[in-house]
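Residue numbers (the numbering used here): 22 to 860.
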């Protein structure tokens, strides 16, 4: 009730601005007693809401001045008891950015919702609740300003006087920050001088800089020696595991790299909008928006970068940059001091841990410096050596020679000198030593610095080096002997000649005492020695069979046992036996000799293979081998039934690498799906698919391993003629060169024990002559097809790059290009049919 009266008094004054009224007049107008009106008018006057003046001895008048707001320099607004704005002056409109017309009559907390729950809200309510004036300073984020506020309550509301003190507050804050930063730099400077742990100091720097600038994170990056990247050496505010592992590029792809290029501090207000450089993952992954970075060390030889960052968009001032630069200087001095200390420690460590003795003597010949190694060499304690004369350790002859060299060094005639002599150690034993001299200028003149080295090992090394030269000479002779054996292989025309040449030349070159070539079983009658002596089982030969077994079963390429060496003779997965050598040598077989003999074994295997292939080509006779197997028939009878009866012919075997082969077959008498299913049941068949189907059967493509029956015979130049399955038995016909029959049968039946050699007979190779082949091709081509083929061949169509194209050739034949290509493709197919199928 009392508050309502106060509001009525104030509203009445506002209806008649500038007109003085007594308490009685106001009381009568608002309907209250004079004493109540006098009380409310006095409160308004105390709060400067109205003006008052004494009239006469006891009377007083009050009025609301028309220009009261204009005469007040502060911004002013009024609130009634319902927190509605009742008035604003011009200063308030300017500072609040709103007009009186916009705000009068509105609830202040609705007009300024950001103030709810703030200091403004709490203080205004406290003033009204206690009816006591309040004053405070507070930052208002929406206006980005700090206001100094005085609020005077009354029963009818609140009169608020305020003004902008942002600049003053910022100046005071900058001054406080500068003083604090200077104190921080002072403290860090003392720590930099006192610290013995630079890494811990740098960690402390990161924490201090971040806290001082009220930032999110801080980092110290070290530039790698190549100057290509910066490694995160220390930091705070980063994700776990980042420090010590993260790197940033030392170029414009990072703020740190850009700082190196600019050679001055770089400040960033909003990284996401930065155009001078791109933000590295280290910053973007942590949501960094602003920061300042400074070079640690000189701009010409930087050690790294220190950077402080914030996730908020903010302006780091020039003062902040100066602070970080001062800190960077302290870090650089701490790093430099540590490097100098480490350098001194390294020199001291090197000096004391050198295996060579080091000493210094003055012009009078007295020791001024010795290291631990020199003390150990001489057997004299350091305390006794220092200050003593060199004559205590060396005789007059050595002294005179050293003095002569010293004189040449001092005069500049020589820069360095060396002297060798036999020295005695602490036990009186002598050892060869070498002393290297130089002179070092000092404040008193010069000192002779000497490095004394025990050269016992060097002498031993020189002897070992001579032994190595002898070994290299022996290896050179070995290489020449192996090359000579290879020349003999090239000239040989038979397998026996190859084996004889290898044995003879290796023994004749005095590389080995004995040599022999033999098969797996190493029977005496099958061994070639290359000498007049017959092979026997006496002496060193008794240990040969185990070595031969190791190289012929694929365990080793070269096997050794004391002075005996066995070398595998292989080529294209075929084993042709073993070469066995004996040599009485103290060092056995060297690694280099091992490699040479491996290559020799491959070369002999190649030569034997080539001779056998040559025999196959010039010999029209081959062995027709007929095999039967019930085991190999089982996959087919399991699919097609026990009464299955069919035949398939191997058209072509094509090696495709990695021990795999593509086998093309023509199949007749069995469904293609059944044949594919049965073929895929074999472990040696990786894949099977039907290529095409016809009235006479189908063609199937098999992907097999080198363990399949057909590919095993291929290794011995054998050709599988046909397979047939009848009455649960698989029959196989194979043509094998006569010289390879034994090896082929042994190898294949070892893999397939159920394969039974039923018959063997000699037959002639079924080969066409060139004229027969040409006649077959001519008969299969039409005139147009032959013309297209010959024009393309002789016109350069098949050359690379082509010298003509199908368009030009079709014009020559006066036909369209598609017709020409059709003739050419048919002709090509018929030539290939004649080549591979004889059709």
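Glycine included, each C-beta is placed from N, C-alpha and C at the ideal position.
Original post:
When DSSP labels each residue in this structure, what does residue 866 get in the three-state scheme?
Top reply: The question about residue 866 has no answer, for the chain in this structure spans 22 to 860.
Which residues in the same chain as residue 700 place their Cβ atom closer than 8 Å to its Cβ, once the five residues preceding and following it in sequence are excluded?
656, 706, 709, 721 and 723
Which residues DSSP lists as bridging residue 686, in chain order: 671 and 721
Open item on the list: Classify residue 633: buried if its beta carbon has 16 or more other beta carbons within 10 angstroms, exposed otherwise.
Closed with: buried
Could you check where the beta strand (DSSP E) with residue 170 kicks off and where it finishes? 166 to 175
- Where DSSP assigns a beta bridge to residue 98, which residues make up the other side? 109 and 181
- Enumerate in chain order the residues of its own chain whose CB-to-CB distance from residue 841 is below 8 Å, with the five nearest sequence positions on each side excluded. 809, 827, 830, 831 and 834
**Prompt:** For residue 225, which residues does DSSP report across the bridge?
**Reply:** Answer is none; residue 225 lacks a bridge partner.
TODO: Would you list, in sequence order, the uninterrupted beta strand (DSSP E) runs of no fewer than 3 residues that lie entirely inside the segment 227 to 294?
DONE: 238 to 244, 250 to 257, 268 to 270 and 287 to 289
| message | For residue 577 and residue 754, I'd like the C-alpha separation in whole angstroms. | response | 35 Å
Alpha-carbon to alpha-carbon, residue 189 and residue 172: 21 Å
- How close, in whole Å, do the beta carbons of residue 187 and residue 166 come, if the pair is a contact with beta carbons under 8 Å? 5 Å
What's the C-alpha gap between residue 124 and residue 228?
48 Å
Cβ-based neighbour list, residue 149, same chain, cut-off 7 Å, excluding 5 preceding and 5 following:
174 and 179
message: Out of 654, 649 and 759, which one is the CA nearest neighbour of residue 643?
response: 759
- Task: Tell me whether residue 91 is buried or exposed, calling it buried when 16 or more other Cβ atoms sit within 10 Å of its Cβ.
- Result: Bear in mind that a pLDDT of 49 at residue 91, under 50, signals an unreliable position, so the number given afterwards is only what the model happens to contain. Classification of residue 91: exposed, given that the 10 Å Cβ count is below 16.
task: Using a Cβ cut-off of 7 Å (strictly closer), state whether residue 171 contacts chain B.
output: Among the chains in the structure shown there is no chain B, since it carries only a single protein chain.
- Task: Please report the Cβ distance between residue 278 and residue 271, rounded to the nearest whole angstrom; I am assuming they are in contact, meaning their Cβ atoms lie under 8 Å.
- Result: 5 Å
When the Cα of residue 595 is compared with those of 518, 703 and 767, which residue comes out closest? 767
Backbone CA spacing between residue 345 and residue 210 [nearest angstrom] = 13 Å
*Does the Cβ-Cβ distance between residue 770 and residue 645 come in under 7 Å?*
no
query = Taking the Cβ atom as the reference point for each residue, do residue 40 and residue 83 lie within a distance shorter than 7 Å?
reply = no
Output the distance between the C-alpha atoms of residue 31 and residue 182, rounded to the nearest integer angstrom. 18 Å
Review point. Quick one: what does DSSP say residue 90 is sitting in, helix, strand or coil?
Key: Any answer about residue 90 is weak, because its pLDDT of 47 lies below 50 and its placement is not dependable; what the coordinates show is given next. DSSP places residue 90 in coil when its eight states are reduced to three.
Quiz item: Do you know offhand how far residue 818's Cα is from residue 702's?
Solution: 45 Å
Quick one: give me the first and last residue of the beta strand (DSSP E) that residue 758 is part of. 750 to 758
Range of the contiguous beta strand (DSSP E) that encloses residue 833: No beta strand (DSSP E) contains residue 833, which is instead part of the alpha helix (DSSP H) from 827 to 834.
Supposed close pair residue 672, residue 694 - CB separation, criterion 8 Å: The Cβ separation is near 20 Å, so there is no contact.
Short check: CB of residue 133 to CB of residue 113, under 7 Å?
-> no
Around the C-beta of residue 240, are 16 or more other C-beta atoms found within 10 angstroms, so that it is buried, or is it exposed?
-> buried
Practice problem: Quick one: using the 10 Å Cβ neighbour count with 16 as the cut-off for buried, is residue 613 buried or exposed? | Solution: exposed
### Task
Determine, using beta-carbon pairs with one atom in the segment 243 to 260 and one in the segment 287 to 295, whether at least three such pairs fall under 8 Å.
no
Considering only their Cβ atoms, is the gap separating residue 575 from residue 605 smaller than 7 Å? no
Given a cut-off of 7 Å, decide if residue 233 and residue 257 are closer than it, judged by their beta-carbon atoms. no
Problem set entry | Residue from 520, 616, 43 and 382 whose Cα sits closest to the Cα of residue 462 | 382
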